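Inspection log for the structure reproduced underneath, given as structure tokens.
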Amino acid sequence: TGVINELGKEGKTGANSIIRNILNEEGISEINFHEMKPVSRKIATESDIILTVSEGNKRKILTGYPETRGKVFVIKEFLGLSGNPNIKDAHYHGAMDEKMYDGVTEKDTEGAYRKMLKEIRELSLSIADKLTGHSQTAG
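Note that the numbering used here has the sequence shown beginning at 9, numbered continuously upward.
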């Protein structure tokens with residue numbers, strides 16, 4: 009499980025102060041109590057579907073738990089979206105594209121995190137639509 013532990017250190021929050029402030033403004037106060045938990049064998053085998061934000065995270069899960077093949081998807085892959093399957097990361101500085109989305113917004117800034125939140129929110133509604141067969145996105 010060493011590979012899987014790279015996905016998160018148990019008990020540590022993955023949210024910096026910028027993220028916590030934005031989510032608190034949005035009424036998502038659970039972020040203040042969020043603790044990362046690595047994917048365990050129990051979670052991996054008992055889950056019907058596992059959604060990740062990147063190909064790298066998907067690969068790590070499949071490497072650690074090959075029996076999950078066929079139920080691990082990058083969110084955009086699961087939704088059938090074309091193009092880069094990864095959600096742009098507002099924080100990670102090792103990525104090839106050092107600017108966010110528009111090629112202008114610097115990473116690790118409030119603007120970058122707000123853009124990431126907008127994308128995740130939109131994708132979450134699409135996931136809900138797909139899983140329930142109901143449209144959450146219709147106005």
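Even for Gly, the Cβ is constructed at its ideal location relative to N, Cα and C. Just so you know, these numbers come straight off a predicted model, no measurement behind them.
Where the alpha helix (DSSP H) containing residue i begins and where it ends
i: Ile-58; result: Looking at the DSSP string, Ile-58 is not in any alpha helix (DSSP H); the run it does join, the beta strand (DSSP E), is 58-60.
i: Leu-87; result: Leu-87 -> no alpha helix (DSSP H), and no H or E assigned at all.
i: Thr-71; result: 63-72
i: Thr-76; result: From DSSP, Thr-76 is part of no alpha helix (DSSP H); its letter is neither H nor E.
Outcome for residue i when other beta-carbon atoms lying within 10 angstroms are tallied against a minimum of 16
i: Lys-50; result: exposed
i: Gly-35; result: exposed
i: Phe-86; result: buried
i: Thr-76; result: buried
i: Leu-59; result: buried
i: Glu-14; result: Since pLDDT at Glu-14 reaches only 45, below the 50 mark, its modelled position is unreliable, and the value read off the structure follows with that caveat. Exposed, by the Cβ-count rule.
i: Ile-69; result: buried
i: Asn-40; result: exposed
Beta-ladder partner(s) of residue i, from DSSP
i: Val-47; result: DSSP lists no partner for Val-47.
Sequence-distant residues of the same chain with beta carbon closer than 6 Å to residue i, five excluded per side
i: Gly-16; result: Because Gly-16 sits at a pLDDT of 48, beneath the cut-off of 50, its placement in the model cannot be relied upon, and the point is left open.
i: Ile-26; result: Glu-118 and Tyr-121
i: Ser-143; result: Asp-137
i: Leu-131; result: Ile-83
i: Ala-52; result: Tyr-73 and Thr-76
Sequence-distant residues of the same chain with beta carbon closer than 7 Å to residue i, five excluded per side
i: Arg-122; result: Ile-30
i: Pro-93; result: Glu-63, Val-82, Lys-84 and Glu-85
i: Glu-33; result: none
i: Ile-128; result: Ile-95
First through last residue of the beta strand (DSSP E) which encompasses residue i
i: Phe-81; result: 80-82
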